[in-house]
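Student: Those protein sequence lines, which keep their order, are chains A and B.
Here the first sequence stands for residues 102 to 541, numbered as in this note's numbering.
Here the second sequence stands for residues 12 to 638, numbered as in this note's numbering.
Please read through the structure below; I'll follow up with questions.
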Amino acid sequence: MAFNRPLLRTSYAEDAAILPTAFQKGAVGIALLLLSAMALDVPIVSAIPKFLLGNTWLSPFNNMLIFCVAALGINILVGVTGQVSLGHSFFMGVGAYAAVLLGGDGSGGLACVPFHAQLGLLERTTRCGLALPIWIWLPAAGLAAAAVGILVSPVAVRVRGLYLAIVTVGLVFIGQHIGVMLPEFAGDAESGRRWPPLEFRLWRRNDGNEDNPLINFSEDGTWFGFLELSDSQKSFFFLLGVVLFATVLAKNLMRSRTGRALQAIRDRDVAAEVMGVPEREYKRLGFAISSAYAGVGGALFAVNLSRVGPPEWSLLLAVDFIAILLIGGAGTIAGTLMGTFFVELLPDFVERLTESQSEAAEGSGVGGAIARFLLTDGSRNDFGPIATSAQAFGWPLPVPLWNFVIYGVLIVVFLIAEPLGLFGIWLRIRNYWKGWPFSY
Amino acid sequence: MTVVETATSTADSRGGHPTVASRAKEWAVKAPDQLAMRGKDFGIWHEFTWEETWDMVADVAHGLMALGVDVGDRVSVHSEDRAEWVIMDLATVAVRGINVGLYPTNPHAEVEYTLNDCGAKIHYAEDQEQIDKVLDQPRDAFPTVEKIIYSEPRGVRGGYTDDRLLYWDDFVAMGKEHRAANPGALDARMAAAEADDVMTLVYTSGTTGPPKGAMLTNANAEFAIDVIIHAEGRTPDGKPPSHKDQALTYLPLCHVAERVFSTWSLVGAGVVLNYAESPEAVFANLREIQPTLFFAVPRIWEKLHAGIVIRGADASRSKKLILSQAMKAADRIGKARAANGGKWTPGTKAVYLFFNFLVFRAMKERIGMRRVRYAGTGAAPIAPEVIEFFMGIGLDIYELYGMTENSAIATANFQGRVKVGTVGEPYPQVGKDGLRIDPTTGEIQCNHAGVFKGYWGKPEKTAETFTEDGWLMTGDVGEWVDDTHIRIVDRIKHIIITAGGKNISPSEIENTLKVSPFINEAMIIGDRRKYLTALIGIELDTVGNWALKKNLSYTTYRDLTEKPEVLALIQKEVDRTNEKFARVEGIKKFSLLPKELDHEDGEMTATMKLKRSAMEDLFGDLVESMY
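What follows is the structure, given as structure tokens:
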């Protein structure tokens, strides 16, 4: 009956629906279909990401999907609960190491060499794990991180704002230090240890035996008997599923009593407490949930890279997430996803741009002239801002450094001009049409 | 949803004249799962099927019988529009009682007057506010009232000890008990219903003197359902009102117009009723419900029109550009259609389709009129400009004419035969045999099955309303237009005769003034005087907004009315109006009213009609200062 009357709500379920209108349902459905079609290399549609990100676009894209999971977590803590944290990379690390201890290779159990006895015996130390399947280690990674989150929360809920940020930065350094101190668990500080491959089994991997997993995401193969897929295509679908699950979970949290309590604390913790929201408990819960997301994200991140050294779980990684929130729009799921998309894929896009510029530099005409002006090989009479040779230090900057500059500028611009981030821009566009033909 | 044919007005098989209650029961038998009404509670529209609705009506009817309501006893309802209102109404008719509605804005004195005038036995008062209007008086001030039923326990339960109070849920439980003990009692009562039973007292708003309770009978209601709701060709495209239609119930249900368009449409055609949360929430509710049938008084149309104009003026530059073109187009389309009997011409249709896609569609969605297929206006005169504007954006408003005393049955505009500025032609069932204009006084007179039985307890007043040959005198002066349509000149009592001997109809001038978004209320004065003057009430929202933009600071309504800039603004609007009328009809001077007019202060009736004599007393100084 409510058809064509989108504002007519006859039940609370309808009122609180994640996608309240048929239009929104359709739009999300079509977006998912399009994305899948792109990943499946369907002609025409797949040309778009290839043009923007290059032919191997799926690999940065998969990485981006993993970041989405972790970013949803930081959004719950920073965006929804309002607790500024720079320790997200620490919790990602906790999740990653929980995953590798449970799912990593080991000869029938933990086989770690005691501390100090292991120097020079890295091969043995990396065979330290229970070789359990993904359905155990992935949730366990989240649970372990959540547990650590709860463990540190008594300290964290006592401080606010800047102090909390500094406390959480402390976590990152403690984590890095422990990682380096325990190479028998974490592997070599430079290259790290090997994480289990992305595959689905019912039970443990048998060492030595070449048994095939039920679904292997990390090798090329055929699905359903006819679908020829590469490893990154398979991973894409798995990760997309994880992101969807994580998004629905986060969305549901936001519209629940818990979510409203967290938002009340963000808006004014004292006022929330006066209204009967137990502040510390909910802050702790926020920490735990956020850490769980980080743990899962971290485990997938390490699995995707296959080897990660302890220093990787750094402050820089944590700052990445703050950039995601600020650019995307803190406190909103859609904003978080948009921010991750933008921040994580921008470097690849810039790189792709530089590549096409250097192609253009060979050509003539205006395009070629612009490209020649922008690019430089580092020789003296060439004042272009972008260095093509990786060895170039200082001005002109190589592409990866330009990415940092772009981040910095973007964060400043967004903070000043659009504090709600990309989501804010979307809001403005939406409100413009929502108000049509009036302005309010 | 089950598809059913429209209800027929055949008599109940077990005998008894059809009533609104027996019609409701028919629906519950024929289409138990069909949606009957929705009420909003804590942000959610709760839906009631016909089965549930009738079940409640039966429980309440048994409850009334348990409280000793006998044939002809009065049951009064004092509430905003809500499901309980309609249920009480139907249940009262089912037990052959007489429903009496009170305006929610009725102040203490009027409540006391009405309840005692009709001798109400059972009184339904929605909440603490309405209960207080009874309980604040000593018990013997209401000698007849035995029970006061209320729905909103807040502030009442636990605090009030008066033994007349009865909570709705307890009342329904009492009804259920009675129903279980006397299963056939209600059917027996309903089967005994007669055509001549008075089913409701509709109190006239009383612009002069105290309100009078007009007695409407079951036969009146049946006739109204037949004539108005099932009128051939009243609704566009020959599709009569049906269960597929949505209506928003928001005007006071005690008024005969809302009764026809809500309760009687519900039982007559199965139109789904949606009760507005409160008078303040009407515009928000409109957007949610997007009704298909909508009746409004001119004040609402004027507000909607003003809202569009004001919000349009506040729109961003690019929007304003498109909007101004669209409004110009709407103006042209509206004028062309008005000249063509409301019909489309290929040219207007083409322009309309273009701007409809671009602007009108969204505009109508914003005001909640996107799905309206039939809109009516009545109960007070409306300015033709307003109708033309809405016609221009594709929202066809049909002006209707009727009054309490003839069950709102007199004339209506029909699709394709609209004459803007007239109230339309007599309904086919009424024709010229049922409606005439007195050649000497110009008064419109009626004689048909919808004409009321008389005023409750006032035979002498009843006699005054009828001519010697038994025709109802409406008190409105009208004239035939092209011998088919009727144009209302004014109320007989309102016609102004200036000192120069010229007859002037003030409401035309007043309505033209009220087209301005800045003017809320206007009253023309000039009877036995040299020239015309006006008392004008400004619209606080729009004028306040305007002042804000002009950097004009003000504190109160009164302060705003005293600003020379505001006076200049209104002067412009008055000048614009004067251009449209002959010189003798021009407004020489005007004064701004220092306060917003209000029902409780006695300046207006509950239906927001000016009490002219009271106004002249209250603002006498202001009037005299202009002469």
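The beta-carbon is built from N, C-alpha and C at its ideal position, and this holds for glycine as well.
Here's the rule: buried if 16 or more other CB atoms are within 10 angstroms of the residue's CB, otherwise exposed. What is residue 569 of chain B?
Tutor: Answer is exposed; the Cβ neighbour count stays below 16.
Student: Evaluate residue 44 of chain B with the Cβ neighbour count: other Cβ atoms within 10 Å of its Cβ, from every protein chain shown; 16 or more gives buried, anything less gives exposed.
Tutor: Exposed is the call here.
Student: Should residue 538 of chain A go down as buried or exposed, given a rule of 16 or more other Cβ atoms within 10 Å for buried?
Tutor: Per the 10 Å Cβ criterion, buried.
Student: Can you list the residues of chain A that residue 647 of chain B reaches, using a CB-CB cut of under 9 angstroms?
Tutor: Because chain B in this structure spans residues 12 to 638, residue 647 of chain B falls outside the shown range and cannot be described.
Student: Short of 7 angstroms in beta carbon distance, which residues of its chain neighbour residue 376 of chain A, apart from the five on each side in sequence? Order them along the chain.
Tutor: 365.
Student: Using the C-alpha atoms, what's the distance from residue 131 of chain B back to residue 169 of chain B?
Tutor: Computed Cα separation, rounded: 26 angstroms.
Student: Ignoring anything shorter than 4 residues or poking outside the segment 309–382 of chain A, list the alpha helix (DSSP H) runs there in chain order.
Tutor: With a minimum length of 4 residues, the continuous alpha helix (DSSP H) runs that stay inside the segment 309–382 of chain A are 332–355, 358–368 and 370–375.
Student: Determine the direct distance from the alpha carbon of residue 247 of chain A to that of residue 390 of chain A, and round the result to whole angstroms.
Tutor: Their backbone Cα atoms lie some 6 angstroms apart in a straight line.
Student: Less than 7 angstroms between C-beta atoms, sequence neighbours within five positions excluded: which residues of the same chain meet that for residue 170 of chain A?
Tutor: Closer than 7 angstroms at the Cβ level, and outside the excluded window around residue 170 of chain A, lie 343, 344, 347, 394, 397, 398 and 401.
Student: Mark residue 141 of chain B as exposed unless 16 or more other C-beta atoms lie within 10 angstroms of its C-beta, in which case mark it buried.
Tutor: Buried, by the Cβ-count rule.
Student: Tell me the DSSP bridge mates of residue 349 of chain B?
Tutor: DSSP output for residue 349 of chain B lists no bridge partner at all.
Student: Could you name the residues that DSSP lists as bridge partners for residue 87 of chain B?
Tutor: Beta-bridge pairing links residue 87 of chain B to B:111 and B:134.
Student: Going straight from the alpha carbon of residue 209 of chain A to that of residue 232 of chain A, what length do you get?
Tutor: With a pLDDT of 47 at residue 209 of chain A, under the threshold of 50, the modelled position of that residue is not reliable, and the figure given next carries that caveat. When rounded, the distance between both Cα atoms is 8 angstroms.
Student: CB residue 305 of chain B to CB residue 386 of chain B, shorter than 7 angstroms?
Tutor: Closer than 7 angstroms, so yes.
Student: Starting from the Cα of residue 34 of chain B, find the closest Cα among B:445, B:147, B:56 and B:201 and give me that residue.
Tutor: Checked all of B:445, B:147, B:56 and B:201; the closest Cα to residue 34 of chain B is B:201.
Student: Could you tell me which of A:313, A:253, A:408 and A:153 sits nearest to residue 293 of chain A, measuring between CA atoms?
Tutor: Looking at the Cα atoms, A:408 is the closest of the given residues.
Student: Could you confirm whether any beta carbon from chain B is found closer than 7 angstroms to the beta carbon of residue 109 of chain A?
Tutor: Chain B, which has a Cβ nearer than 7 angstroms to the Cβ of residue 109 of chain A, makes this yes.
Student: Between residue 308 of chain B and the rest of its own chain, which residues show a CB-CB distance below 8 angstroms, the 5 nearest in sequence each way excluded?
Tutor: Hits under 8 angstroms: 262, 268, 388, 389, 390, 391, 618 and 619.
Student: Compare the Cα-Cα distances from residue 597 of chain B to each of B:524, B:289 and B:329 and report the closest residue.
Tutor: Closest by alpha carbon: B:524.
Student: Residues of the segment 110–121 of chain A in Cβ contact with chain B at a cutoff of 9 angstroms, in chain order, please.
Tutor: The segment 110–121 of chain A vs chain B, Cβ under 9 angstroms: 110, 111, 112, 113, 115 and 116.
Student: For residue 285 of chain B, which of helix, strand or coil comes out of DSSP?
Tutor: Here residue 285 of chain B sits in strand by DSSP.
Student: Applying the criterion that 16 or more other CB atoms from any shown protein chain within 10 Å of the CB defines a buried residue, is residue 13 of chain B buried or exposed?
Tutor: Reliability fails at residue 13 of chain B, whose pLDDT of 41 lies under 50, so the model's placement of it is uncertain and the value that follows must be treated cautiously. Under this definition residue 13 of chain B is an exposed residue.
Student: For the segment 318–335 of chain B, which residues have a CB atom closer than 7 angstroms to at least one CB atom of chain A, in sequence order?
Tutor: Those would be 322, 323, 325, 326, 327, 330, 333 and 334, in chain order.
Student: Going by DSSP in three states, residue 301 of chain A sits in which element: helix, strand or coil?
Tutor: Of the three classes helix, strand and coil, the one that applies to residue 301 of chain A here is strand, per DSSP.
Student: If you measure from the beta carbon of residue 370 of chain B to each beta carbon in chain A, is any gap under 7 angstroms?
Tutor: At least one chain A Cβ lies under 7 angstroms of residue 370 of chain B.
Student: Would residue 226 of chain B and residue 465 of chain B qualify as a contact pair, given that the criterion is a beta-carbon distance under 7 angstroms?
Tutor: Yes.
Student: Quick one: does residue 56 of chain B have its CB under 7 angstroms from some CB of chain A?
Tutor: Residue 56 of chain B counts as touching chain A.
Student: Pop quiz: residue 243 of chain B and residue 439 of chain B are said to be a contact at Cβ under 8 angstroms. What is the actual Cβ separation, rounded to whole angstroms?
Tutor: About 6 angstroms; that satisfies the 8 angstroms criterion.
Student: Thinking residue 102 of chain B and residue 78 of chain B are a contact (beta carbons under 8 angstroms), I'd like their distance in whole angstroms, please.
Tutor: Contact doesn't hold; Cβ gap of about 11 angstroms is too wide.
Student: Residues of the segment 292–309 of chain B in Cβ contact with chain A at a cutoff of 8 angstroms, in chain order, please.
Tutor: For the segment 292–309 of chain B, which is checked against every Cβ of chain A, the residues closer than 8 angstroms are 298, 299, 300 and 301.
Student: Got a sec? Which residues, its chain only, sit under 6 angstroms from residue 200 of chain A by beta carbon, not counting five neighbours each side?
Tutor: For residue 200 of chain A, where only same-chain residues beyond five positions count, the Cβ hits under 6 angstroms are 238, 242 and 400.
Student: With residue 491 of chain B as the anchor, note down where its alpha helix (DSSP H) starts and where it stops.
Tutor: Where residue 491 of chain B is concerned, there is no enclosing alpha helix (DSSP H), although the beta strand (DSSP E) it sits in stretches over 483–492.
Student: If you run the structure through DSSP and keep just helix, strand and coil, what is residue 439 of chain A?
Tutor: Here residue 439 of chain A sits in helix by DSSP.
Student: Quick check: is the beta carbon of residue 361 of chain A nearer than 7 angstroms to any beta carbon in chain B?
Tutor: For residue 361 of chain A, the answer is no, since every Cβ of chain B falls outside 7 angstroms of its Cβ.
Student: Look at the alpha carbon of residue 575 of chain B and the alpha carbon of residue 149 of chain B, and state the distance between them as a whole number of angstroms.
Tutor: Taking the straight line from one Cα to the other gives about 49 angstroms.
Student: In this structure, how does DSSP classify residue 396 of chain A when only helix, strand and coil are distinguished?
Tutor: Residue state, collapsed to three classes: helix.
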